[in-house]
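This report concerns only the one structure given below.
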Amino acid sequence: MRTLILLCTIGFLSSTIAAQNFEVVSTYPADGAFGVLTDSVLITFSEPVYINLDFDDLEESGFYAGLEPEDSFEPDSIALSDDGLTIKFFGTFAIDTDYLLFVYGAESQSGKELSTPIITQFTTANSRGE
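At position 127 of the sequence shown (counting the first as 1) the number is 150 in the numbering used here, and the numbers step up by one without a gap.
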């Protein structure tokens with residue numbers, strides 16, 4: 024009986040610890056998307072993100088991300104969803120271009136650091152690798 028209680032306790036604690044990670048849960052465009060026609064990139068986190076919405080001060084709020092190639096995206100503005108979970112970058116994308124979106128640093132409003140960096144690939148071309 025003690026063994027069963029111990030195993031249940033360990034299982035509960037493990038699931039609680041895993042649930043506490045701050046991570047990217049989705050991006051738009053999705054990884055591997057092609058034929059993308061959009062004016063924005065969305066990054067959604069597992070809990071509200073802390074960010075300064077000024078392009079020049081993004082890194083000051085601990086947010087480190089990029090979109091490559093840099094010269095193929097003309098940024099316009101940044102917005103944060105009302106619930107604080109999604110950052111929206113608005114701008115103009117070049118046609119027939121492969122992009123890499125990466126997020127390698129962010130902090131939640133509760134002070135947690137991003138647990139795992141992400142890299143997402145998408146393209147505005149009709150198929151990948153054009």
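Glycine is no exception: its CB is placed at the ideal position from the N, C-alpha and C atoms.
Please read all numbers here as calculations on a predicted model, not as lab measurements.
Just tell me which of 45, 101, 57 has its CA closest to the CA of residue 63.
Of 45, 101, 57, the residue nearest in Cα terms is 101.
Measuring only the C-alpha atoms, how far is residue 75 from residue 136?
The C-alpha of residue 75 lies about 16 Å from the C-alpha of residue 136.
Please state the DSSP three-state secondary structure of residue 136.
Residue 136 carries a strand assignment under DSSP once its states are collapsed to helix, strand and coil.
Per DSSP, what kind of secondary structure is residue 119 in: helix, strand or coil?
Three-state DSSP puts residue 119 in coil, outside helix and strand.
Less than 8 Å between the beta carbons of residue 113 and residue 99, yes or no?
The Cβ atoms of residue 113 and residue 99 lie closer than 8 Å to each other.
Report yes if the C-beta distance between residue 125 and residue 61 is below 8 Å; otherwise report no.
With contacts defined by Cβ atoms closer than 8 Å, residue 125 and residue 61 do not form a contacting pair.
If we count the other Cβ atoms within 10 Å of its Cβ and call it buried at 16 or more, is residue 122 buried or exposed?
It is buried - the Cβ of residue 122 has at least 16 other Cβ atoms within 10 Å.
Mind checking residue 53: buried by the 16 CB within 10 Å criterion, or exposed?
A residue is called buried once 16 or more other Cβ atoms fall within 10 Å of its Cβ, and residue 53, having fewer, is exposed.
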